[in-house]
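Residue numbers (my numbering), protein chains in the order written: chain A, 104 to 238; chain B, 104 to 238; chain C, 104 to 238; chain D, 104 to 238.
Built from N, CA and C at the ideal position, the CB exists for glycine as well.
4 protein chains.
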Amino acid sequence: MSKLTPAEFLAILERGMPSAHALNLDVRSIEHGSATLVLPVDASHLRPGATLAGPTLFMLADLALYAAVMGAIGPVENAVTTSMTLNFLRRAGAEAPLRAEAKLLKLGRRLAVGDVSLYVGDALVAHATGTYSIP
Amino acid sequence: MSKLTPAEFLAILERGMPSAHALNLDVRSIEHGSATLVLPVDASHLRPGATLAGPTLFMLADLALYAAVMGAIGPVENAVTTSMTLNFLRRAGAEAPLRAEAKLLKLGRRLAVGDVSLYVGDALVAHATGTYSIP
Amino acid sequence: MSKLTPAEFLAILERGMPSAHALNLDVRSIEHGSATLVLPVDASHLRPGATLAGPTLFMLADLALYAAVMGAIGPVENAVTTSMTLNFLRRAGAEAPLRAEAKLLKLGRRLAVGDVSLYVGDALVAHATGTYSIP
Amino acid sequence: MSKLTPAEFLAILERGMPSAHALNLDVRSIEHGSATLVLPVDASHLRPGATLAGPTLFMLADLALYAAVMGAIGPVENAVTTSMTLNFLRRAGAEAPLRAEAKLLKLGRRLAVGDVSLYVGDALVAHATGTYSIP
Numbered sequence: 104m105s106k107l108t109p110a111e112f113l114a115i116l117e118r119g120m121p122s123a124h125a126l127n128l129d130v131r132s133i134e135h136g137s138a139t140l141v142l143p144v145d146a147s148h149l150r151p152g153a154t155l156a157g158p159t160l161f162m163l164a165d166l167a168l169y170a171a172v173m174g175a176i177g178p179v180e181n182a183v184t185t186s187m188t189l190n191f192l193r194r195a196g197a198e199a200p201l202r203a204e205a206k207l208l209k210l211g212r213r214l215a216v217g218d219v220s221l222y223v224g225d226a227l228v229a230h231a232t233g234t235y236s237i238p
Numbered sequence: 104m105s106k107l108t109p110a111e112f113l114a115i116l117e118r119g120m121p122s123a124h125a126l127n128l129d130v131r132s133i134e135h136g137s138a139t140l141v142l143p144v145d146a147s148h149l150r151p152g153a154t155l156a157g158p159t160l161f162m163l164a165d166l167a168l169y170a171a172v173m174g175a176i177g178p179v180e181n182a183v184t185t186s187m188t189l190n191f192l193r194r195a196g197a198e199a200p201l202r203a204e205a206k207l208l209k210l211g212r213r214l215a216v217g218d219v220s221l222y223v224g225d226a227l228v229a230h231a232t233g234t235y236s237i238p
Numbered sequence: 104m105s106k107l108t109p110a111e112f113l114a115i116l117e118r119g120m121p122s123a124h125a126l127n128l129d130v131r132s133i134e135h136g137s138a139t140l141v142l143p144v145d146a147s148h149l150r151p152g153a154t155l156a157g158p159t160l161f162m163l164a165d166l167a168l169y170a171a172v173m174g175a176i177g178p179v180e181n182a183v184t185t186s187m188t189l190n191f192l193r194r195a196g197a198e199a200p201l202r203a204e205a206k207l208l209k210l211g212r213r214l215a216v217g218d219v220s221l222y223v224g225d226a227l228v229a230h231a232t233g234t235y236s237i238p
Numbered sequence: 104m105s106k107l108t109p110a111e112f113l114a115i116l117e118r119g120m121p122s123a124h125a126l127n128l129d130v131r132s133i134e135h136g137s138a139t140l141v142l143p144v145d146a147s148h149l150r151p152g153a154t155l156a157g158p159t160l161f162m163l164a165d166l167a168l169y170a171a172v173m174g175a176i177g178p179v180e181n182a183v184t185t186s187m188t189l190n191f192l193r194r195a196g197a198e199a200p201l202r203a204e205a206k207l208l209k210l211g212r213r214l215a216v217g218d219v220s221l222y223v224g225d226a227l228v229a230h231a232t233g234t235y236s237i238p
């Protein structure tokens with residue numbers, strides 16, 4: 104059972120993270136230790152080469168993992184990223200939305216570790232692994 | 104000798120990466136394989152807990168490494184990040200600017216690897232290592 | 104179709120990597136872009152705390168990814184690791200073998216990226232992502 | 104002031120980590136949050152291509168960070184690696200010893216983060232960043 108609803112997640116962003124709330128995220132699902140977020144992309148998310156920018160991919164991966172963590176432990180807003188590794192796999196443009204599927208690999212008392220796959224359609228465009236510290 | 108001036112770097116962002124150009128970056132220096140960028144931060148860069156958000160730190164680290172790479176190889180706009188690892192070390196608020204100091208550890212024909220230290224004042228708030236693919 | 108058999112993989116290690124050949128690996132399978140290796144562990148693989156040592160986990164993850172890469176591209180011995188990130192998730196002792204399941208996330212002309220899950224029995228004890236450079 | 108001597112470090116390895124004790128490490132220094140270790144290398148440390156193997160580099164980086172952590176907090180043997188990222192920068196053979204220089208970037212109550220530079224002579228052959236969990 105998820106301990107956080109999509110509406111609660113968006114409310115947390117609205118109160119505390121204006122840059123994320125401005126993204127108009129579609130929170131497809133938050134489960135106990137997993138989450139799927141979809142980002143509508145446009146030209147503002149591109150980098151030179153008309154490619155989705157790394158920071159956009161990082162942002163969505165980080166938010167998806169944050170949602171997956173809080174789906175497991177509830178609305179602990181002060182859970183914070185302690186590390187994140189991204190591998191950028193394929194270039195993608197701004198024609199289609201970006202989807203992040205996060206799932207936890209470990210949920211400890213102090214640390215949660217998860218991975219995130221980022222897709223445009225069926226194409227895996229990036230992969231991330233990250234750690235959240237649980238206060 | 105740097106192969107890219109701060110003005111050329113900002114012009115590349117203006118043409119191809121609107122999200123980065125909107126940051127009002129202060130490009131302190133670009134050398135052959137190193138760069139220092141300063142980001143004026145405000146409430147829009149915070150995450151829950153009134154802490155600088157991970158995506159803001161990623162963005163500045165990625166841009167500083169991009170500048171360091173182009174300082175070494177010239178305005179090769181299509182150099183792209185292939186991987187990035189960030190460790191978040193200390194929380195920081197929005198009271199003072201965020202500074203990224205990037206330097207290359209390796210410059211090969213196909214790959215450049217570098218690290219980036221992110222500071223608020225004298226405090227090291229995050230550290231990144233990343234790889235750029237050179238087309 | 105795999106482009107490398109388990110026997111060919113072990114022969115490559117025997118000729119060129121004595122430390123790996125000495126491990127008495129059980130090469131369960133090598134497919135086109137995936138591989139499963141099993142390491143019989145004993146007290147020589149422990150670190151303080153009677154826990155499987157990080158270098159043992161790294162070694163098996165790295166070899167499994169190497170096998171997965173050569174399963175896809177054939178016996179290109181000089182494919183080399185360019186980066187690897189490991190997350191250590193659960194402690195494990197030396198009672199049961201360590202199993203690595205590697206699969207490629209991307210196979211480009213110059214770089215292959217993959218991830219590796221390391222298990223003791225059903226327990227996920229570590230997760231790795233890595234990049235191989237293809238000469 | 105270091106809280107661990109080189110002799111104490113080697114005694115910890117001798118008791119709890121036979122694979123590391125067998126390396127005949129030269130522990131050049133352990134300070135409060137930094138350490139320098141030198142590994143005499145030979146053919147047993149090579150991978151195909153007559154290049155120092157990734158697991159050897161990982162092993163030395165991990166041990167150097169372990170020494171740096173215990174230099175800061177004392178002989179807490181159960182401090183364990185939670186994550187490690189390595190970038191392999193230049194190939195090196197077995198002609199000269201491998202030297203690891205580790206230093207902490209952060210020492211918290213629960214986590215220590217550090218980086219390690221690995222050299223053969225003056226050449227930087229690999230770079231690592233890692234996190235230790237402090238029990």
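| query | result |
| --- | --- |
| If we require 3 or more residues per run, which beta strand (DSSP E) segments fall completely within the region 121 to 186 of chain D? | 129 to 134, 137 to 142 |
| Leaving out five residues on either side along the sequence, give the residues of the same chain with a beta carbon under 6 Å from the beta carbon of A182 of chain C. | V172, Y235, I237 |
| Go ahead and label S198 of chain D buried or exposed: buried means 16 or more other beta carbons lie within 10 angstroms of its beta carbon, across all protein chains shown. | Note on identity: in this sequence residue 198 of chain D is Glu, with Ser being the wrong assignment. By the neighbour-count rule (16 or more Cβ atoms within 10 Å), E198 of chain D is not buried but exposed. |
| Might you give, ordered along the chain, the residues of its own chain that have their beta carbon closer than 7 Å to the beta carbon of A156 of chain B, omitting 5 neighbours on each side? | H148, L149, R150 |
| Looking at L107 of chain A: is its Cβ nearer than 7 Å to the Cβ of G196 of chain A? | no |
| Of all the options D:P121, D:E111, D:L189, D:L227, which has the alpha carbon lying nearest to the alpha carbon of G217 of chain D? | D:L189 |
| For the alpha helix (DSSP H) that E111 of chain A lies in, which residues bound it at each end? | 109 to 119 |
| To the nearest angstrom, how far is the alpha carbon of D145 of chain A from that of A226 of chain C? | 41 Å |
| Looking only at its own chain, which residues have a Cβ that is under 6 Å from the Cβ of E117 of chain D, when we skip the five neighbours before and after it? | H124 |
| Going by C-alpha to C-alpha distance, which of A:S186, A:V223, A:L192, A:A164 sits closest to K206 of chain A? | A:A164 |
| Rounded to whole angstroms, what's the CA-CA distance from V179 of chain A to G152 of chain B? Just pull it up for me. | 10 Å |
| Check G196 of chain C in the structure and name its three-state DSSP category. | coil |
| Measuring CA to CA, which of D:L168, D:R194, D:T154 is closest to H135 of chain D? | D:L168 |
| Taking C-beta pairs closer than 8 Å, name the residues in chain D that L192 of chain B reaches, listed in chain order. | L208, K209, V216 |
| At a Cβ threshold of 7 Å, is G177 of chain C touching chain D? | no |
| List the residues of chain D whose Cβ lies closer than 7 Å to the Cβ of R213 of chain A, in chain order. | R213 |
| State yes or no: is the beta carbon of H230 of chain C nearer than 7 Å to at least one beta carbon in chain A? | yes |
| Alpha carbon to alpha carbon, what distance is there between P200 of chain B and N222 of chain B? | First, the amino acid is wrong: residue 222 of chain B is Tyr here, not Asn. Cα to Cα, the separation comes out at about 9 Å. |
| Any C-beta of chain D within less than 9 Å: which residues of the region 126 to 143 of chain C qualify? | none |
| Over the uninterrupted beta strand (DSSP E) stretch that includes D225 of chain B, give me the two end residues. | D225 of chain B -> no beta strand (DSSP E), and no H or E assigned at all. |
| Spell out the partners DSSP gives L210 of chain C in its beta bridges. | C:A215 |
| Would you mind telling me which residues of chain A sit closer than 8 Å to T234 of chain C, beta carbon to beta carbon, in chain order? | N190 |
| Does any residue of chain B have a CB that is nearer than 7 Å to the CB of G196 of chain A? | no |
| Give me the Cα-Cα distance between A203 of chain D and T139 of chain D, rounded to the nearest whole angstrom. | 6 Å |
| Return the bridge partner residues of S236 of chain A from the DSSP annotation. | A:V183, A:L214 |
| Can the beta-carbon of P158 of chain D be found closer than 7 Å to that of P121 of chain C? | no |
| Nearest to R212 of chain B by alpha carbon, out of B:L192, B:I176, B:V219, B:G224? | B:I176 |
| Does G224 of chain B come within less than 7 Å of chain A when only Cβ atoms are used? | no |
| For N127 of chain D and L113 of chain D, I'd like the C-alpha separation in whole angstroms. | 9 Å |
| If distances are taken between C-alpha atoms only, which option among C:L210, C:K209, C:L214, C:G233 comes closest to S220 of chain C? | C:G233 |
| Would you mind working out which of B:R194, B:E111, B:S137 sits nearest L210 of chain B, comparing C-alpha positions? | B:S137 |
| Indicate whether V141 of chain B and R193 of chain B have their beta-carbon atoms separated by less than 7 Å. | no |
| Between G224 of chain D and the rest of its own chain, which residues show a CB-CB distance below 6 Å, the 5 nearest in sequence each way excluded? | A199 |
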